[in-house]
Amino acid sequence: MGNSALRTLATLEETPLSEYAGATVAIDAHHWIYRYLTGLTRYMDDNIYTTEDGTELPNVAGVFRGLPPILREDITPVFVFDGKPHERKADEIQSRRDAKQEAKQKMADAAEAGDTAAMKRYKAQTQSLTPAIHETTREALELLGIPYIEAGGAGEAYTAKMVEYGLADAAMTDDYDALLFGSPTTIRQYTGKGPAEKMLLNKTLHNHGITHEQLVDIGLMCGTDYNDGISGIGPKRGVKYITSGKTVEEILEDKGATIDGLSQLRELFLSPTIGSVPDTPLTRTEPDFAQFRAFANEWEFPTQFIEKNISRFPRYAE
DNA sequence: CTCGAACA
DNA sequence: TGTTCGAGG
């Protein structure tokens, strides 16, 4: 599974963050946190983010590094946390779990061999979003006046709908699923430095002369986080078959293949379960840096590290 | 993600 | 020859 096929189909354009000045961006919290966790554990000494009782909270340091550039553009970030994953994602979740387990083993081996660089590389791969990380991330967002929402299902689906409903101007995630969930505009590859990448649904559809429904069908044939695709079909043949007027059902018949619960999968992307959405746009409030300092202190973060991060935030009225 | 092998 | 697959960094 996995969906690198969508990468070759997607229309991607470079975009400076300033293009979204004053806008609201719905951020896939899971992806955001994970990105910073792996990045940070790779380069930072772990005693900086480990508390006395051994709890590792690299999020407290990492999650906020990306915020100042966004706030300086007067962008309102809205973090969207995942709800319960769809049961069809179970296999994908299991294989990620297996990969982490394998990385753990390799990390232990590297530690044994005294290979610190390899150890850190594998450690990054073992990172997962623990309950403690979830809890402290929400708490810190509150202290920094950043709004967040709990999605009723997949975060990517929720952020896509927020853009569709006009509650946000763009979704932010690296996940190509955003296209299948119908996000009109998705910001990818945001690093806080240099331009990001925007992925546009309309241009993608127009480039291939297909509808959103057809894109979903192509995705399902190539394989997604929720299903194995049809062996021998990638992005090229997928587009070719669908634009020649064949239906997925016909292609399956030709290949003697099956996709379990095809209509359920289509629904999953075209009308995902998202839970309730707010009826008014979310706004941010003034950060409480004093409380944030106290919070960081509680988690034993070095003061100079926290101060450095705070100094990057735009100036608010004291 | 990049690359070479396998395949239609 | 172009496309997909699968291993490895």
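For what it's worth, UniProt numbering labels the leading residue of the first sequence as 1, then goes sequentially. Glycine included, each C-beta is placed from N, C-alpha and C at the ideal position. As the structure is a prediction and not an experimental result, all values here were calculated from the model.
Here VAL80 carries a strand assignment [DSSP, helix/strand/coil]. Separation of ARG312 and GLY275 (C-alpha to C-alpha, rounded to the nearest whole angstrom) is 35 angstroms.
In the pairwise beta carbon analysis, the segment 35-46 is classified as not touching the segment 238-253: fewer than three pairs are separated by under 8 angstroms. Shown here, ILE251 sits in a helix according to DSSP, grouped into three states. Excluding the 5 residues flanking it on each side, ILE310 has same chain C-beta neighbours closer than 6 angstroms at PHE289, in chain order. When C-alpha distances from THR38 are compared across GLY166, LYS106, GLN125 and ALA61, the shortest belongs to GLN125. If you compare the alpha carbons of ASN202, ILE149, LEU270 and ILE230 with that of GLU253, the shortest gap goes to ILE230. Taking C-beta atoms under 8 angstroms as the contact rule, VAL63 and ALA26 fail to qualify, at a distance of about 16 angstroms.
Shown here, LYS161 sits in a helix according to DSSP, grouped into three states. In this structure, THR8 and PRO235 form a Cβ contact; the two beta carbons are roughly 5 angstroms apart against a cut-off of 8 angstroms.
Residue state for VAL63 is assigned as coil, using DSSP reduced to three classes. For the 7 angstroms CB-CB criterion, GLU156 and ALA178 form a contact. GLY223 is bridged by DSSP to ASP228.
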